[in-house]
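Numbering (the working numbering), first residue to last: 23 to 281.
Glycine is no exception: its CB is placed at the ideal position from the N, C-alpha and C atoms.
Quick caveat, the model's predicted, so the values are computed rather than measured.
Below is one structure; the comments refer to it alone.
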């Protein structure tokens with residue numbers, strides 16, 4: 023199963039959180055052992071920063087255009103949105119799904135709420151849907167099995183209701199859906215139940231609060247304690263001391279689950 027592992031246990035979460043914090047800040051530490059001359063290393067670093075800034079500007083412009091089309095803009099909104107992107111590491115602009123511009127607004131809103139002690143931790147929960155990636159080795163005969171037809175109908179119906187994750191380009195989640203699709207197709211007697219299970223929506227939980235050491239560990243342990251299975255996590259630290267942590271989970275029962 024190709025799933026981005028957050029950690030194996032609460033203890034290892036702490037170690038992962040410590041390592042992840044450096045990655046969120048730009049990931050420059052990994053080049054400490056480089057044998058490049060100082061001048062060459064500096065030029066390479068500046069070039070990388072320029073590329074990241076250019077990409078961030080492209081994403082900002084795309085999101086702004088989509089929100090403008092939806093009439094979401096207000097006086098000063100352009101500057102506020104640019105400030106939002108600048109608060110977060112370049113990795114945020116690289117990973118976020120620009121086709122879901124409203125998700126950027128959700129992240130911006132949660133980060134603003136987190137400034138109020140009475141609102142911390144600010145969080146949002148929603149159902150999301152992940153499409154299986156297309157298996158290039160699949161034969162025409164395989165693609166027309168009864169299980170695949172049922173799966174296709176269920177997927178099409180649910181996709182009209184639930185959006186993709188905010189970081190929906192992840193091949194990890196797509197591969198997970200594909201693997202489940204293959205396994206359910208091997209037992210046609212239980213195809214209907216398996217497909218319903220496969221296409222039951224995942225949930226995306228987004229937290230924002232004051233950043234601190236081992237925060238990722240605490241959040242992952244919290245979700246595990248209430249019975250949620252983390253499929254993927256994205257953790258970002260702002261340059262003014264706040265965090266934005268996004269988890270895609272399975273095991274949520276909307277009518278019963280409370281955080």
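{"Asked": "Runs of beta strand (DSSP E) wholly within the region 88-163 (minimum 3 residues, chain order)", "Found": "144-150"}
{"Asked": "Sub-7 Å separation of residue 62 and residue 119 beta-carbons", "Found": "no"}
{"Asked": "Sub-7 Å separation of residue 85 and residue 123 beta-carbons", "Found": "yes"}
{"Asked": "Nearest neighbour of residue 78, chosen from 99, 96, 64, 106 [CA to CA]", "Found": "106"}
{"Asked": "Start-end ranges of the alpha helix (DSSP H) lying completely within the region 218-271, minimum 4 residues", "Found": "237-247"}
{"Asked": "Residue 274 in three-state terms, based on DSSP", "Found": "coil"}
{"Asked": "Residue 62 in three-state terms, based on DSSP", "Found": "helix"}
{"Asked": "Buried/exposed call for residue 267, threshold 16 Cβ in 10 Å", "Found": "buried"}
{"Asked": "Cβ distance (whole Å) where residue 230 is taken to contact residue 132 below 8 Å", "Found": "4 Å"}
{"Asked": "Distance, residue 82 Cα to residue 104 Cα", "Found": "7 Å"}
{"Asked": "Simplified DSSP state of residue 83, which is helix, strand or coil", "Found": "helix"}
{"Asked": "Cα-Cα separation, residue 206 to residue 250", "Found": "Because residue 206 carries a pLDDT of 46, less than 50, the predicted location of this residue cannot be relied on, and the following value inherits that uncertainty. For residue 206 and residue 250, the distance between alpha carbons rounds to 22 Å."}
{"Asked": "Given residue 72 as reference, the closest of 112, 223, 261, 137 once Cα atoms are compared", "Found": "112"}
{"Asked": "Chain B within 7 Å of residue 251, Cβ atoms only", "Found": "Among the protein chains of the structure shown there is no chain B, as only one such chain exists."}
{"Asked": "For residue 49, three-class secondary structure by DSSP", "Found": "In this prediction, residue 49 scores a pLDDT of 40, lower than 50, which makes its location untrustworthy; the coordinate-derived value is nonetheless stated afterwards. Three-state result, residue 49: coil."}
{"Asked": "Buried/exposed call for residue 209, threshold 16 Cβ in 10 Å", "Found": "Confidence in residue 209 is poor, its pLDDT being 48 and thus under 50, which makes the residue's placement too unreliable to answer from."}
{"Asked": "Residues near residue 130 by beta carbon distance below 6 Å, same chain, minus five either side", "Found": "106"}
{"Asked": "Residue 271 versus residue 263: straight-line alpha-carbon distance, rounded", "Found": "26 Å"}
{"Asked": "Inter-residue spacing [alpha-carbon to alpha-carbon] between residue 269 and residue 243", "Found": "12 Å"}
{"Asked": "Close Cβ partners of residue 224 (< 7 Å) along its chain, the five nearest in sequence each way excluded", "Found": "150, 152, 253, 270, 271, 272"}
{"Asked": "Cα-Cα separation, residue 95 to residue 127", "Found": "11 Å"}
{"Asked": "Collapsed DSSP secondary structure at residue 184 in the structure displayed", "Found": "coil"}
{"Asked": "CA nearest to the CA of residue 136, picked from 89, 87, 232, 65", "Found": "232"}
{"Asked": "Contact under 7 Å by Cβ, residue 228 with residue 109", "Found": "no"}
{"Asked": "Outcome for residue 91 when other beta-carbon atoms lying within 10 angstroms are tallied against a minimum of 16", "Found": "exposed"}
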